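Notes follow once the structure below has been shown.
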Amino acid sequence: AAISIHQFLHGLSIEERPGYGVNLISQKMGLHDWMYQNEFSNDTRVPVPHLDFNKAIKDLKTEVELGFDKELAAKEAARCLSCDVQTVFTESACIECDACTDICPMECINFMQNDEENTVRQKMKIPALNQEQPVLVSGPLKTGKVMIKDEDLCIHCAMCAERCPTGAWDMRKFIMKSYAETK
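Sequential numbering from 113 applies to the sequence shown in the working numbering.
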């Protein structure tokens with residue numbers, strides 16, 4: 113199926129296949145080579161363009177949604193990669209059981225002694241190389257360690273919140289308020 117999809121998307125015949133006995137191999141890539149930049153997007157959703165009502169009502173079999181052009185479709189797809197549901201950590205509820213670190217598929221949650229930012233970034237399970245993206249550092253926990261999470265790696269899957277026995281992890285929707293709304 114993957115070969116057919118690849119061929120179709122590249123405008124090639126889906127009938128063409130690698131010869132018998134030919135294996136397709138993958139290129140090994142490091143985590144920082146394939147991940148996307150997990151930044152907040154302030155772009156609002158663009159509604160799908162629709163056919164004019166008067167034209168659509170003339171023939172009820174007419175397709176009403178016109179769809180996106182390539183440029184707008186790509187922009188919408190990129191916007192969707194910036195999830196606005198954020199992990200929220202409450203250090204007072206944390207018992208440092210490591211359940212969140214065990215379940216995290218991206219290994220972005222770390223419990224360690226606090227230190228200078230560059231030192232901490234290198235000591236994380238997966239070093240935090242993107243200096244543009246801040247790491248989340250909690251206040252001191254009961255053992256004196258801190259929880260440090262690489263926001264660039266986090267995919268906001270909510271597994272930490274599901275697994276946490278005390279509710280120290282929570283998922284919350286980020287809603288940006290304009291300055292006028294806060295007055």
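Glycine included, every Cβ here is placed at the ideal spot set by N, Cα and C. As the structure is a computational prediction, the values presented were derived from the model and not from experiment.
Burial state of residue i, where buried means 16 or more other Cβ atoms lie within 10 Å
i	result
Thr199	buried
Lys261	buried
Asn230	exposed
Leu265	buried
Ser138	At Ser138, the pLDDT of 49 sits below 50, so the modelled position is not reliable; the number obtained from the coordinates is stated separately. Ser138 comes out exposed.
Val232	buried
Asn222	buried
Chain-order list of residues whose beta-carbon lies under 7 Å from that of residue i (same chain, five-residue window excluded)
i	result
Cys276	Ala211, Cys212
Pro239	Arg233
Within 7 Å, strictly: CB atoms of residue i and residue j
i	j	result
Glu177	Val160	yes
Glu263	Leu248	yes
Lys237	Glu219	yes
Ser250	Glu203	yes
Nonlocal neighbours in the same chain, by C-beta distance under 6 Å from residue i, ignoring five residues either side
i	result
Phe120	Ile126
Ala205	Thr278, Gly279, Ala280
Asp214	none
Gln245	Glu263, Asp264
Gly123	none
Close beta carbons around residue i, own chain, < 8 Å, minus the five adjacent residues each side
i	result
Met283	Val197, Gln198, Thr199, Val200, His268, Ala270, Ala273
Arg129	Ile115
Lys170	none
- Task: Let me know the beta strand (DSSP E) ranges lying completely inside the segment 212 to 256, each 3 residues or longer, listed in chain order.
- Result: Counting only runs of 3 or more, we get 221 to 224, 247 to 249.
- Message: For the pair the segment 214 to 227 and the segment 243 to 259, tell me if three or more CB-CB distances fall below 8 Å.
- Response: yes
- Task: Could you pull out every unbroken alpha helix (DSSP H) segment of at least 4 residues lying fully inside the segment 158 to 213, listed in chain order?
- Result: 165 to 170, 182 to 192
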